[in-house]
Each structure stands twice: as structure tokens, then as C-alpha cells.
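Student: For reference, the structure I am asking about is given below.
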Amino acid sequence: MSLDAIIISDSGTDSLSGTNPLKLQIDGKTASIQMILNYLKHQGRIEPPIEGDDTMSWSSALKLNGIYLLSHLTRNNFKAAVIKGFYEEKDVFCQLLEENPRMVIISTTFIFSKQTLFRLIEDIRSLAPDIFIVVGGPFVYLSYLMLKKSADPGYDTDSARDDFLFLDVNGEPSANLYIISLRGEQILCRVLDKIKDNQSIDHMPNTARLKGKTYEFQSRVDDITDSGSFHIDWDCLPDDIFKSGVVPMQASAGCPYKCAFCNFTKDRRLTFVKPLDEIIDELKAVKKRGVRYVWFVDDNFRLGSPDLNEVCRRFIDEDLNLRWMSFIRAGTLQNVDIELLRRAGCIEVQLGLESADPQMLRNMNKKARPAMYASVIPELLAAGINCSCYFIFGFPGETRETISRTCDFIQTIERPELDGLLSWSIFPFILSPLSPIYESANRQPYGLKGYLHKWEHATMNSEEAKAHVLEAFLNLKNSGPIYRTDNQDILSDLTPSKRHQFEALRHGLAKTALKNPLEFSKVDISIFEHIF
């Protein structure tokens, strides 16, 4: 039986964080804890295989968009396979091509530009010139919204012509079909059926095709209202989905907040909180397949429902013995029993703090206060729950003083005497189309001009913001950037004190490498030996 489709969940190339590229590297790869252990074991060189690599780390999990599509297609009697990241698994892709797939499906959840999509499709075409390529997901939908905005003379879509689809037919990716929908999986199944039966896909609703120098858009229909929940049948999925020991999961979808920098599409029809019994069933299903870590990919765990204590008690009563992580708003945690959260298996909380300056938080429409952050985070760390915090430098109104206030705040929550680890990722502000701040009326009070990564306003410009990101990276000492490639088992085997020491030493080496490129063969690796 030949393969019906290969699903590509990510290109594996885009990162918008300003601190990600600054992290410590060895031989061109991010210096995970397991890589450093391998380096120590072999007296200053990397010797494959690296024990503990691509397993038990948050980054080793497959992306949920690919898992969901695989589950949906399998449930509809299609034979499909999923690729986590095209460039890191190109050899797997080539092996799957030997099964004569009819289609390649590209999800754009983690693709942010037309150029990235163009390169990805060109590389696919170099291996499979004639394969039918369908592209769908958030980036395609955002591109369609930008096309609609182009009818508004006061909205800047000209700057976006090289970055979004549909605005300019020059340099467009050679996809065969775009599905323009916030769901779209039902249409995808119809398309795949027709391709298998060698039938025409003309007039398929909610789709677009480039014909010559013109995009042909089909009729728009509501494919959201009756699309059902985002259900995944974990029992029907192949073993390799679970081989890393880590899976992503969704306990809710949507976000009721309207942060000024955010361009995520908000549609009330897609907002839901998954029933607790259903979450428990899913957790039991993945545990049965050997999973030990679960990454809840909610924007805010269960939309900040006030029953988090009850959820934790259920997790404990069910004796799940799973470790998990999620974004949870600091405000949600104010009335939560943090020790109960730890006992329920939560080992890390992701916090979108953005700034520690009160005025900047108001400018961002963040609905948060620095004092609340300062209260919640030490409680989490004291309970042994790691905190990974996300910041934005340069949003309109930002000054050197407001950034200093944020950096001072980070230093106050660097608490090496507490059991939990503090890590962070700092993003230079991005002037994103379709975000509230992109609107002309919202730009004017700040004198904000520009587009995406190049902008200026009355108190800062994009180059200054990037310089502040680097400065913060170099000045912070008792915490470090987020390393999602770290094997969590190896980390948890260390005492809290040694985890803190490891984080500080690795970050110190990363800073040294930025100032003077390191020759790792000459680095005194003994600085790590007392930790392991």
C-alpha cells in the first residue's frame, strides 16, 4: 500500500528570539547538557552517538500540528507520515518518497515568511519535482487577511509584499494548492480523495491556486462551526511519535487577551477549554505509549480557568506520574496552591512577562503588573518549579531606562538559592502586520514607523533594541537563556545547586564565546567536572 501523504510540520529554520542565536554552541550545534557530557567524556571532543540526545527534551517532541493532521488523516482512512522538521529529517523524507506518496502537506504553524516557504518548497521540488504540494495553516490565513487589507489605502501592505503570499505573484512558492482556513482539515481530506482518484480539484472552497500570473480564489464557506474539537486519537498513532518520551498536548485553544504586539488570529469559534476528563484520558493514553513528559502548548493553560487547584488534585489522584510544562499567566497563579502544582507534575511554567516596567505593560495592553510577577515567580522557584520567562525589548515607549528596569527585575528573580531554575528568551520588538500596534492610528502617538524587524519610534529604533538584547545577555549572570534541547532526565539527576552551577557556567562560556570565538579543544573543560 503506497503512502497517501507526507506531512511537514516545520521547516526547522525560523527563530524570532534575539537571544537564541547567542547561546553556547559546540561544533555548530546548541550546547545541550548531554552534548557537554559527551564532550567531557571524550576529553574535549564530540564523539557520536551522544547519549540522551533527541530524547527526553522539550525540543525532541514532534510538533502538535503534525500530530493532529496525522491523527485526522488516519481517522479518515488515509495512510500518512509526519516529518518533524524538513531540514533535520531530510533523510527520512527521502525514505518516505520511496513509498510513492501522492501529496506533500505543509503546515505553516511555524513558518513566518514567504521566503522560508519558497526555499522549503524549492528543496522539496529538488527531491520530488512533480509531487502535489498543499500548503495550509496560520501563515496562509494571515496572508489572505493581508490581501483583504490591501483594499484599505491607509493600511501598509506594500511593505509586506515580499513576506506574505498573494500580494505579489513574483517570487511565489510553487505550491499546487493553498487551503485558506483556520481549520481546513476537512477540505484537505476532500482534496486528497480527489488527488488519489485523479479527479479535478477545481472549485474546491476556501482554496487558492496560482495560474499563470494570477491567483484564482474559490468561494468562501464556513468550515469552522461544524469542525468539532481538536481531538487526537493517540492509540492509533505509530510508535515513532512517542519515541522521544515527550509529546505536546492541548488543554485549551485561543486567547481572550489583546496584547498590542500580537498578530495571532482570534476567532471565538476556535476558543475552547478541553474537559478535564478528556485531558486525563489523553494523558493516560500517552503514558501507556511510554511518554514521561508532556508539553501543554496552550497560550494560557486551560485559558486561565480558576479551577487549576482542582485540575492538580485530579492529576495527583489519577497517579499519572507525568512531568509537564505550560504557559500560565502570572495572574492565574496568584490564587493557586504552588506546592499542589508541583505535586501534580508541573516542572516548568512558561511566563510571557514582556517587560517589568509598568508603563510599558500598559502600552502593550498586557493587563499585568511587575509587582504581581515579583510575587509569583519566587514562589514557583521555591517550590522547585522552573520558570522560563519571555521578554520584548523595544516596544513603542521603550527607553534605556525602561529596559534597565526590566533587567534589574530579572536580576532580582535570579535566585540560585531556590530549587527552581530561571531561564529567559528576549525578543527585539517586531512590528508585525495584523497586530494592533501595526494600525496607523495606534502608531501615531509613538511616532512609530517601519515594518517587521526595521522600525523606529520617538524613543528607540530596532538597532538599539537589538543592542539592548545583547547587552542584557552579557550582563545577566545567575540565570541563562532557554535551552529546549536539554535532556530533562539528565538535568533532574543533578541537585538543584548543581543545576544552577551548570546553567551559570554554560552561560558564562556563551558570553566568552561572543567576545572571543572559542576553540573548544583549548577550553578548560574541568570547570564542569565537579558538576557531574
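Okay, so the sequence shown: first residue is 1 according to this note's numbering, each after it adds one. Positions of the beta carbon are idealized from the N, C-alpha and C atoms, including for glycine.
(1) Can you tell me the Cβ-Cβ gap for L210 and V246, rounded? I've got them flagged as a contact below 8 Å.
(2) Taking T485 and S32 to be in contact with their CB atoms under 8 Å, please state how far apart those CB atoms are, rounded to whole angstroms.
(3) Out of curiosity, what's the CA-to-CA distance linking E216 and N176?
(4) Can R329 and N309 be called in contact, C-beta distance under 8 Å?
(5) DSSP three-state call for S540: helix, strand or coil?
(6) When the distance is taken between beta carbons, is L3 closer than 8 Å to N65?
(7) Just reading off the beta strand (DSSP E) that M204 is part of, what are its end residues?
(8) State the DSSP-derived secondary structure class of M325, mapped to helix, strand or coil.
(9) Using only the heavy atoms of the ligand ATP, determine whether one of them is closer than 7 Å to the beta carbon of H453.
(10) Using a Cβ-Cβ cut-off of 8 Å (strictly less than) and excluding sequence neighbours within five positions of D267, which residues of its own chain qualify?
(11) For Q359, collect the residues of the same chain with a Cβ closer than 8 Å to its Cβ; drop the 5 residues on either side in sequence, then sort them by chain order.
(12) Could you give the residue range of the alpha helix (DSSP H) that holds G450?
(13) Under 8 Å by Cβ, that's how I've got L62 and K29 pegged, so tell me the actual separation to the nearest angstrom.
(14) Look at the alpha carbon of E185 and the alpha carbon of P428, and state the distance between them as a whole number of angstroms.
(15) Inspect the CB distances between the region 144-156 and the region 119-132 and report whether three or more fall short of 8 Å.
(16) Give the list of continuous beta strand (DSSP E) stretches no shorter than 3 residues that lie fully inside the region 266-334.
(17) What residues in its chain sit with their C-beta under 6 Å from that of L418, if we drop five residues either side in the sequence?
(18) Can you say whether E282 is buried or exposed, counting buried as having 16 or more other CB atoms within 10 angstroms of its CB?
(19) Kindly indicate which three-state DSSP category R183 falls into: helix, strand or coil?
(20) Looking at the strands, I want to know which residues DSSP matches up with T30.
(21) I need the DSSP call for R209, collapsed to helix, strand or coil.
(22) Please state the DSSP three-state secondary structure of Q218.
(23) Identify, in the order they occur along the chain, each residue of the same chain with its Cβ nearer than 6 Å to the Cβ of R302, setting aside the five sequence neighbours on each side.
(24) When you compare only the Cα positions, how much space is there between N475 and I392?
(25) Based on the DSSP secondary-structure assignment, which residues constitute the bridge partners of P481?
(26) Where do the ends of the alpha helix (DSSP H) carrying P358 lie?
(27) Where L145 and I437 are concerned, what is the direct C-alpha to C-alpha distance, given to the nearest angstrom?
(28) What's the C-alpha gap between G535 and S479?
(29) In the DSSP assignment, what are the bridge partners of A81?
(30) Are the region 334-343 and the region 353-370 touching by the rule of at least three beta carbon pairs closer than 8 Å?
(31) Comparing C-alpha positions only, which one of L270, I482, D489 and S497 sits nearest to A510?
(32) With which residues is I106 paired in a DSSP beta bridge?
(33) Going by beta-carbon coordinates alone, are F118 and L147 separated by less than 8 Å?
(34) Report the partner residues of K454 according to the DSSP bridge assignment.
(35) Please work out which residues of its chain come closer than 6 Å, Cβ to Cβ, to R323, disregarding the five sequence neighbours upstream and downstream, and give them in chain order.
(36) Measure the C-alpha to C-alpha separation of F261 and A441 and round it to an integer number of angstroms.
Tutor: For this structure:
(1) Actually they are not in contact, since the Cβ atoms of L210 and V246 sit about 38 Å apart, beyond 8 Å.
(2) In this structure T485 touches S32 by the C-beta definition: roughly 4 Å separates them, less than 8 Å.
(3) Counting only the Cα atoms, N176 lies some 12 Å from E216.
(4) N309 is positioned such that its CB atom lies no closer than 8 Å to that of R329.
(5) Here the chain has residues from 1 to 532 only, and residue 540 is not among them.
(6) No, the Cβ-Cβ distance between N65 and L3 is not below 8 Å.
(7) Unbroken run through M204: none, as it is neither H nor E.
(8) In this structure, M325 counts as strand in the three-state DSSP scheme.
(9) This structure lacks the ligand ATP; in fact it carries no ligand of any kind.
(10) Closer than 8 Å at Cβ, skipping near neighbours: L182, I224 and G254.
(11) Taken in chain order, the residues that qualify are G397 and T402.
(12) No alpha helix (DSSP H) holds G450; the beta strand (DSSP E) holding it covers K449 to Y451.
(13) Not a contact, Cβ separation roughly 20 Å.
(14) Between the alpha carbons of E185 and P428 lies a gap of roughly 34 Å.
(15) No, the region 144-156 is not in contact with the region 119-132.
(16) List check, beta strand (DSSP E) in window: 293-296 and 323-327.
(17) So the list reads L381 and A382, once near-sequence residues are dropped.
(18) By the Cβ-count criterion, E282 is buried, with 16 or more other Cβ atoms from all chains shown falling within 10 Å of its own Cβ.
(19) Residue state, collapsed to three classes: coil.
(20) Q25, per the DSSP bridge assignment.
(21) R209 falls in the strand class under three-state DSSP.
(22) Three-state DSSP puts Q218 in coil, outside helix and strand.
(23) If we look at R302 and ignore the five residues flanking it on each side, its Cβ neighbours are A251, S252 and V273.
(24) Whole-angstrom Cα-Cα distance: 17 Å.
(25) BP columns for P481 point to W424.
(26) In the DSSP assignment, P358 falls within the alpha helix (DSSP H) that extends over P358 to N363.
(27) Here the alpha carbons of I437 and L145 stand approximately 16 Å from one another.
(28) Limits of the chain in this structure are 1 at one end and 532 at the other, which puts residue 535 out of reach.
(29) Its beta-bridge partners are I6.
(30) With the cut-off at 8 Å, the region 334-343 and the region 353-370 do not touch.
(31) Relative to A510, the option among L270, I482, D489 and S497 whose CA is nearest is I482.
(32) The partner list for I106 (beta bridge, DSSP) reads I8 and V135.
(33) In this structure, L147 does not lie closer than 8 Å to F118 by Cβ.
(34) Note: K454 is bridge-paired with Y451 in the DSSP secondary-structure output.
(35) Answer for R323: Y293, G345 and I347, listed in chain order.
(36) When rounded, the distance between both Cα atoms is 14 Å.
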